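With the sequence shown counted from 1, adding 128 to any position gets you my numbering. We put the beta carbon where it would ideally sit given N, CA and C, even for glycine. Please read all numbers here as calculations on a predicted model, not as lab measurements.
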Amino acid sequence: MAIEAATIRIQRFNPDKDKKPYIETFELVPERDTTVLDALHTIKAERDGSLTFRRSCRHAICGSCAMNVNGQNILVCKTPLQDVLDKKRRTTIRPLPYLPIIKDLVVDRSSFWEQYLRVKPWLLPPADVPEKEFRVSPEEVAALNNAETCIMCGACYSACQVIGMNKEYIGPHALLKAFLRILDPRDMAPNERLQDLAGGDGVYRCHTIFNCIDACPKDLNPTQAIETLRKLAQKREAFESARQDRQLTIKDPIAFD
Ligand code: FES
């Protein structure tokens with residue numbers, strides 16, 4: 129059912145002809161269940177086919193549709209338009225901040241992926257791989273704090289003011305992945321990983337601003353993961369031996385000593 133008209137303000141930028149980004153306004157009469165992504169699709173289909181944005185799954189899984197709406201990084205495919213309209217039924221959509229704009233709402237995520245690769249996001253398995261399977265207890269899985277549900281949308285990365293100032297900072301997305309690997313009993317290099325993260329661009333660069341928590345569409349807590357990594361980096365030896373003894377069966381992985 130169609131409801132009252134809404135004003136959608138979209139930041140536009142075509143590097144081939146525009147000197148700088150500008151805001152273009154579209155009026156739309158949405159349906160009650162229209163999402164922000166639906167509104168963008170309607171505008172592209174009916175008003176301006178050159179409007180450019182990324183999306184794929186439309187189910188908050190692929191992470192490609194992260195954008196900045198009214199100053200907040202969100203997944204537009206899972207956000208109802210109604211929820212982001214102000215009293216005058218207006219909303220403003222911009223690309224993710226702190227990243228170079230390719231066109232309109234599409235940004236260049238190269239630095240995001242480069243930092244991700246720095247933490248070696250894959251598992252480094254031990255030499256003695258078990259014949260059948262790696263057994264990981266429910267408690268050990270709980271200690272990972274749902275970090276494996278990250279969809280790599282970039283919302284936390286581009287909400288981080290430290291990234292805004294310093295592109296060498298590894299960033300909340302990659303540090304969350306490092307946390308996942310370091311606490312995973314199947315990984316053989318937690319100590320080396322912690323050593324790397326204690327360097328200049330790693331965990332001590334975080335200013336604990338919490339923007340990454342506010343931005344995460346999966347309600348993850350990169351700040352807490354970074355804080356845990358800092359503490360583990362300070363007592364690497366005790367951590368290593370507790371880990372070898374499979375004693376990290378607790379919700380708070382730094383409570384082993
Ligand atoms: S389109 Fe895949 S997360 Fe939004």
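- Take Tyr297, set aside five residues on each side of it, and the residues of its chain with a beta-carbon closer than 7 Å to its own are Val290, Ile291, Asp329 and Arg333, in chain order.
- By the Cβ-count criterion, His301 is buried, with 16 or more other Cβ atoms from all chains shown falling within 10 Å of its own Cβ.
- With contact defined as three or more Cβ pairs closer than 8 Å, the segment 201 to 219 and the segment 160 to 175 are in contact.
- Within the same chain, Ile229, Leu233 and Val235 come within 6 Å of Pro223 by CB-CB distance, once the 5 residues on both sides are set aside.
- In this structure, Leu348 has its CB at a distance of at least 6 Å from all heavy atoms of ligand 1.
- Here the distance from the Cβ of Ser184 to the nearest heavy atom of ligand 1 is below 6 Å.
- Taking 7 Å as the cut-off, the Cβ atoms of Pro249 and Lys305 count as close.
- For Gln289, the enclosing alpha helix (DSSP H) stretches over residues Gln289 to Met293.
- Within the same chain, Cβ atoms closer than 6 Å to the Cβ of Lys295 are found at Ser239, the five residues on either side in sequence being excluded.
- For ligand 1, a non-hydrogen atom lies closer than 6 Å to the CB of Gly191.
- Excluding sequence positions up to five before and after Leu322, its CB lies within less than 8 Å of the CB of Ile310, Leu357, Leu360, Ala361, Arg364 and Phe367, all in the same chain and listed in chain order.
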